[in-house]
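As numbered in the numbering used here, the sequence shown has no gaps in its residue numbers, which increase by one up to the final residue, 406. For reference, the structure discussed in these notes is given below.
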Amino acid sequence: MLLARRYIRRVPRQIRVPRPLLLAAPLVLALVAYCMISFRVAESVTRVDRLPLEPPATSVAGTHEDVSFESRDGTLLKGWWFAVAGADRAAVLVHGRGRNRINSTFRPDRIARMLLSHGYSLLLFDLRGHGESGGTRYTLGIEEPRDVLAAIDLAATKARVDRARVAVIGESLGGGSALMTVKEDLSIGPVVTDSAFADGNAVVSESASKYTNLPSWFTPGIVLMSRIFLGLDIGQVTPAKVVAAHPERAFLFIQCVDDQTVLLHHGLDLRAASTNPRSELWLVPGCDHVQAFATRPAEWEQRVTAFLARELGPEKPVARAAGILAALRRGG
């Protein structure tokens, strides 16, 4: 009986939870909650709502061809092909995050009409996870270069020109992806970027809260969850390093001074990375993200076409199709 009483007295001492553990429990729970929220946000923020294809293709030209083609990894991509008879050059427009081939504040419809008038056959297409293309998410320039390369292949084949005569013009995500494409294939034509980022980690740390509506201290967790569970390592996305590694190439960088999404330093960093004397940086005052063309359309046209003509040679006179002329007269 005495032994039983002693055992009963000892039981409370044996099951007493150590004080350090009690203090650590809330921290562990907070960490678990942080990781769970970070994962949910990483999973959702890399998926975007698919916007309608508006305005229609007829806003660019009277005739076009609906095209379907595979990315370098087999993802189905869709777009519109606009041919210019006798053209000796082509261009591919690469849209930004959450946009598509035609629906963007970048005004791809107006830019496309302008390029057609300068004798460029043209491909507008949807990146993976956008528009009518396959895929479920965007990857900030990790997988998008595969899409850009496939688009260049198609444009070169359709236009019957060498791949080096296909210019790539990208906005925001499309600009960063275009620069990363240079790393994958040096044979592509000249690259023009508008509001492109210089470094994936930097642009995410600066703008993530805008898209997640969470405090900035969640960003490292979102980045970590993206790498662990989605296989997306944005540390691999370093457009400025790609530019620096290719001094033989000239680039045209366009950057709005008042951009609140891709901050001014990205344009400055990209230009500083290029040691090619033909590379240019056009800083556009008084405009926000991808608004340079909408703000100064005539100067945008002059700078872009002059750069491309220098890299590809003078524009070749071509007969403009009636549909293109009609679209140009409509303007807007």
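Cβ coordinates follow ideal geometry from the N, Cα and C atoms, glycine included. None of the values given here were measured: they were computed from a predicted structure.
Given that a residue counts as buried once 16 or more other Cβ atoms are within 10 Å of its Cβ, and exposed if not, what is residue 328? Classification for residue 328: buried.
Three-state class that DSSP yields for residue 273 in the structure shown: Residue state, collapsed to three classes: coil.
May I ask you to report which of helix, strand or coil DSSP gives residue 266? The three-state reading of DSSP puts residue 266 in strand, counting E and B together.
With a threshold of 8 Å, establish whether the CB of residue 103 neighbours any heavy atom of the ligand SAM. For the ligand SAM, the structure offers nothing, since it holds no ligand at all.
Taking all protein chains shown into account, do 16 or more other C-beta atoms lie within 10 angstroms of the C-beta of residue 290, making it buried, or fewer, making it exposed? The residue in question, residue 290, is exposed, as its Cβ has fewer than 16 Cβ neighbours within 10 Å.
Bounding residues of the alpha helix (DSSP H) (the contiguous stretch that carries residue 329): Careful: residue 329 lies outside any alpha helix (DSSP H), inside the beta strand (DSSP E) at 325–330.
Might you give, ordered along the chain, the residues of its own chain that have their beta carbon closer than 7 Å to the beta carbon of residue 210, omitting 5 neighbours on each side? Annotation for residue 210: 121, 203 place their beta carbon closer than 7 Å to its own, counting only its chain and skipping 5 residues before and after.
Check residue 98 in the structure and name its three-state DSSP category. Of the three classes helix, strand and coil, the one that applies to residue 98 here is helix, per DSSP.
Please report the distance separating the alpha-carbon of residue 108 from that of residue 194. If you draw a straight line from the Cα of residue 108 to the Cα of residue 194, it is about 50 Å long.
Return the CA-CA distance between residue 214 and residue 254, expressed in angstroms with no decimal places. So the two alpha carbons sit approximately 10 Å from each other.
Bridge partners for residue 152 per DSSP, in chain order? Per DSSP, the beta bridge partners of residue 152 are 142.
Per-residue DSSP class, three states only, for residue 279: If DSSP states are grouped into helix, strand and coil, residue 279 belongs with the helices.
Helix or strand or just coil, what does DSSP make of residue 85? Note that residue 85 scores a pLDDT of 49, beneath 50, so its modelled location is shaky; the value from the coordinates is reported in the next line. It is helical.
Within this structure, are the beta carbons of residue 274 and residue 310 separated by less than 9 Å? Taking 9 Å as the Cβ cut-off, residue 274 and residue 310 qualify as a contacting pair.
Bridge-paired residues (DSSP) for residue 291: None; residue 291 has no bridge partner.
Out of 338, 339, 351, which has the shortest C-alpha to C-alpha gap to residue 324? With distances taken between Cα atoms, residue 324 lies closest to 351.
Are residue 228 and residue 197 touching if we call contact CB-CB under 9 Å? Yes, the Cβ-Cβ distance between residue 228 and residue 197 is below 9 Å.
Please report the Cβ distance between residue 308 and residue 297, rounded to the nearest whole angstrom; I am assuming they are in contact, meaning their Cβ atoms lie under 8 Å. Correct: roughly 6 Å between the Cβ atoms.
Could you pull the start and end residues of the alpha helix (DSSP H) that residue 372 belongs to? Taken as a continuous stretch (DSSP letters only), the alpha helix (DSSP H) holding residue 372 covers 371–386.
Please confirm if the region 229–236 is in contact with the region 265–279, defined as three or more CB-CB distances below 8 Å between the two stretches. The region 229–236 makes no contact with the region 265–279, as fewer than three CB pairs between them are under 8 Å.
Segment contact flag, the region 353–370 with the region 335–344, C-beta cutoff 8 Å, min 3 pairs: Enough Cβ pairs lie closer than 8 Å, so yes.
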